[in-house]
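A quick write-up on the structure given underneath.
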Amino acid sequence: MKKGYFGDFGGQFVPELLMPPLLELEQAMQTILPGREFQTELDTVLSQVVGRPTPLTFCSRLSRELGCRLWLKREDLAHTGAHKINNTVGQALLAKKMGKTCLLAETGAGQHGVASATAAAMFGLSCIVYMGAKDVRRQSQNVRRMELLGAQVRPVEHSTQTLKDAVNAALRHWIAEQETTHYCLGSAVGPHPFPTLVRDLQSVIGTEAVDQSREIIGRLPDQVVACVGGGSNAIGIFHPFVPHAQVALTGVEAAGQGTPGCHHSATVTKGSTGILHGTLSYLLQTRDGQIEPSHSVAPGLDYPGVGPEHVHLMCSGRVSYTAVNDAQALNAFQRLCRLEGIIPALESSHALAHVLDNASLFADQDVLVNLSGRGDKDLDIVMDKGL
């Protein structure tokens, strides 16, 4: 496999000015990250601050309804309320060891922004977060949380005003401030080495899930299901399960309104090969190669690209990908609230909806859904939809 590639996908398609910080980061990953001192400090932060390991929760009422045994990996119980914190504390610690003084981030749903601001505060770094103006409006609670934590939130007012534009702005900022700044990319996307770095830091989810399944269920689950936007929570739980061929893995994308011609974020299932944000992957594009607008009721899935490892896993046949629409996700959100007393993020609700709406595929099986975050941040969206 070529360096920085997953099969035919990945690589570094960036301006020459971005190569020095990418090479510096790759060097730090090889020399600092594997070291005993770094790993010991990271493990301490994950256990004492993040709250790892997060539990597996058995959903008794939904299991009875569905005819399967439904388990949730509770990343919503991690500090700041989502899996994003696993990645940001790792990257912030690495940035500090590299001598950087500022943590730069982008965010869609706001959870990565909150997690970055939290990690920056913990390690004494300043923090700048770029966020699409549309997402600033629909995730106002998270904007206030970032500002309370000391971060400077910079709205991006042009184009679609969503995550894609926030990433563009962050990359431009990084080119200008690379001497003092580390770009804490929030998903398993972007140029090498980011997809590998984010996957390795998020793999703590799957590593725990493998051990917990053996201890609590007595064996590995039959199926693991996770939502996919950029794909960090999914690759985090999938990666340790990939060698176990008996476990079926399914990524669930956002089909938007689910009508012909609608905007959506189903990049793996409906996209095509192209380059976005420095990596060769699948993306939503016109025949002329222009990026198409994306949409999801879940802001964290509203991205027209996907991590290159997901495309490789799809092409190899190891992971199946499908999509559910906004209405299905909102229904799953409500059913988990009412039947299990858990308010899920709308992102996670897409993964849950796939199980709820296809019960026959999971009959009498142990099914593990990665609940990537909690839904407090989405209450304004849900109320606007009349739930």
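Residue numbers for the sequence shown follow the working numbering, so the first one is 5 and each next one is one higher. All C-beta atoms, glycine included, are put in the ideal place defined by N, C-alpha and C.
Measure the alpha-carbon distance for W178 versus Q16 and round it to whole angstroms. 16 Å
R218: buried (16+ other C-beta within 10 angstroms of its C-beta) or exposed? exposed
Is S276 near S298, with beta carbons less than 8 Å apart? no
Can you have a look at S191 and say buried or exposed, based on whether 16 or more other CB atoms are within 10 angstroms of its CB? buried
Every unbroken alpha helix (DSSP H) within the segment 194-219, with a cutoff of 4 residues, ordered by chain: 198-206 and 208-216
Under 8 Å between C-beta atoms of R291 and G85: no
Thinking C-alpha only, which one of L70, E30 and A82 is nearest L375? A82
Return the first residue and the last residue of the alpha helix (DSSP H) that F127 is part of. Q115 to F127
Of all the options S67, V208 and A119, which has the alpha carbon lying nearest to the alpha carbon of L189? A119
A249 burial status per 10 Å Cβ neighbour count (16 or more: buried): exposed
Residues near V202 by beta carbon distance below 6 Å, same chain, minus five either side: N91, A192 and S236
Evaluate contact between the segment 104-115 and the segment 124-143, counting only Cβ atoms and requiring at least three cross-stretch pairs below 8 Å. yes
Taking the CB atoms as reference points, tell me whether Q115 and K88 lie closer together than 8 Å. yes
Output needed for L74: all residues of its chain with C-beta closer than 6 Å, excluding positions within five of it in sequence on either side, in chain order. C63, L66, S67 and V371
Considering Cα atoms alone, identify which of P59, G11 and F42 is closest to I221. P59
Relative to the alpha-carbon of E45, which residue among T326, L29, L98 and G262 has its alpha-carbon at the smallest distance? L98
Hey, I239 and H314 are a contact pair by Cβ (cut 8 Å); roughly how many whole angstroms apart? 7 Å
Grab the span of the alpha helix (DSSP H) containing C319 for me, first residue to last. P312 to S320
Measure the alpha-carbon distance for M102 versus E181 and round it to whole angstroms. 14 Å
Rounded to a whole number of angstroms, what is the C-alpha to C-alpha distance between L350 and Y187? 26 Å
Going by C-alpha to C-alpha distance, which of E296, P303, T48 and Q216 sits closest to R141? P303
Distance CB(Q332)-CB(D361) smaller than 8 Å: yes
My assumption, with CB atoms under 8 Å, is that V323 sits in contact with G255. Please give the rounded CB distance. 6 Å
Which residues does DSSP pair with F10 in a beta bridge? F13
Neighbourhood of L317 by C-beta, 6 Å cutoff - its chain only, sequence neighbours within 5 removed: V323
In three-state DSSP terms, what is Q165? coil
Relative to the alpha-carbon of F336, which residue among A355, G55, G128 and S320 has its alpha-carbon at the smallest distance? Checking the sequence, you will find Ala at residue 336 rather than Phe. A336 has its Cα closest to that of A355, out of A355, G55, G128 and S320.
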